[in-house]
Amino acid sequence: MRNQFFDQERKIIVGDPMTDESWDSLLPLPLQTLSPFQWTPISVIERTWKYLFSDGVTSVVDLGSGVGKFCIYLSLLSSDSIEVIGLEDREELLSVSEAIKKHWGVSRVQFQKKNFLTHFPYGHSHYYCFNPLYETIKGSHSIDLKKNKSANQFLKDLHTFKQNLFLLKPKSKLITFHGFGGSYLPGFRLVLNEEISGGEFQVWEKDKS
140 MRNQFFDQER KIIVGDPMTD ESWDSLLPLP LQTLSPFQWT PISVIERTWK
190 YLFSDGVTSV VDLGSGVGKF CIYLSLLSSD SIEVIGLEDR EELLSVSEAI
240 KKHWGVSRVQ FQKKNFLTHF PYGHSHYYCF NPLYETIKGS HSIDLKKNKS
290 ANQFLKDLHT FKQNLFLLKP KSKLITFHGF GGSYLPGFRL VLNEEISGGE
340 FQVWEKDKS
């Protein structure tokens, strides 16, 4: 996927009010149409930063970072004050993420080609996900058809995801938009639950035990 979509008339100036429309205009058209279903809304990223700012954040990992919207805009909001890592296993989405990262000039965002289910990044203070197991559900608005879609695959992935999260150190936080794939997270307590942009914004904290 070439980076020819950065043309002069659509260039966003740092300091201008950010909207989903202005951000998404930097994407190739097929990825723009997926935005309402796959990429985190600007209002949710702003709410996340408001929470993180008062919660002693040191590093944030986006589990399934897609086109990098959450990571890059969060870094802009934080003025590059925190480490932000995006994990994504689709090469074409990583290419778009890197191009937009360069466009904005953020210095503390890393994108890594990894599947967070098999290569979970332990040791960070906060984690974020936007319905990360959606691609294994038989539904519309998928990114592509590369991933196996079945109820059995979804349940298997959910079990793996919960096991990974259970191994996080105490006080680690998981921030979710439209959930993590289930309603109960063993070893965690729900500390925040709000409705934002038509979805559920939740914060889970790993118990001390």
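The opening residue of the sequence shown carries number 140 in the working numbering; numbering runs sequentially from there. Using N, Cα and C, we set each Cβ at its ideal position, and we do this for glycine too.
Inter-residue CB distance, residue i and residue j (contact presumed, cutoff 8 Å)
i, j, result
"residue 276", "residue 251", "Incorrect: roughly 24 Å between the Cβ atoms, too far for contact."
"residue 236", "residue 264", "Residue 236 to residue 264, Cβ: 22 Å. No contact."
"residue 297", "residue 329", "Contact flag wrong, Cβ pair sits at about 17 Å."
"residue 185", "residue 216", "7 Å"
"residue 343", "residue 312", "7 Å"
"residue 299", "residue 256", "5 Å"
"residue 188", "residue 206", "The Cβ separation is near 19 Å, so there is no contact."
"residue 301", "residue 324", "7 Å"
"residue 135", "residue 183", "Outside the shown range of the chain (140 to 348) lies residue 135, about which nothing can therefore be said."
For residue i, the first and last residue of its enclosing beta strand (DSSP E)
i, result
"residue 223", "222-227"
"residue 327", "327-335"
"residue 274", "Counting along the chain, residue 274 falls outside any beta strand (DSSP E), and DSSP gives it neither H nor E."
Assigned secondary structure, residue i (DSSP; H/G/I helix, E/B strand, else coil)
i, result
"residue 202", "strand"
"residue 307", "coil"
"residue 259", "coil"
"residue 314", "strand"
"residue 240", "helix"
"residue 288", "coil"
"residue 319", "coil"
"residue 248", "strand"
"residue 148", "Caution applies to residue 148, whose pLDDT of 37 falls short of 50 and renders its modelled position unreliable; the model cannot decide the point."
"residue 156", "coil"
"residue 231", "helix"
Where the alpha helix (DSSP H) containing residue i begins and where it ends
i, result
"residue 176", "174-177"
"residue 192", "181-192"
"residue 345", "Unbroken run through residue 345 is the beta strand (DSSP E), 338-345; no alpha helix (DSSP H)."
"residue 159", "159-163"
"residue 217", "Careful: residue 217 lies outside any alpha helix (DSSP H) and carries neither H nor E."
Nearest candidate by alpha-carbon position, reference residue i, set the options
i, options, result
"residue 293", "260, 201, 230, 270", "270"
"residue 260", "229, 305, 243", "305"
"residue 326", "347, 320, 274", "347"
"residue 228", "274, 244, 320, 319", "274"
"residue 244", "183, 232, 231, 219", "219"
"residue 317", "253, 248, 180, 172", "180"
"residue 249", "286, 287, 289, 202", "202"
"residue 290", "303, 267, 266, 320", "320"
Residue-level contact to chain C via CB, residue i, 9 Å cutoff
i, result
"residue 256", "Of the protein chains in this structure there is only one, and it is not chain C."
So, does the segment 214-233 touch the segment 335-342, judging by three or more C-beta pairs under 8 Å? no
Measuring CB atoms only, is the segment 239-253 touching the segment 193-213, in the sense that at least three cross pairs come out at less than 8 Å? yes
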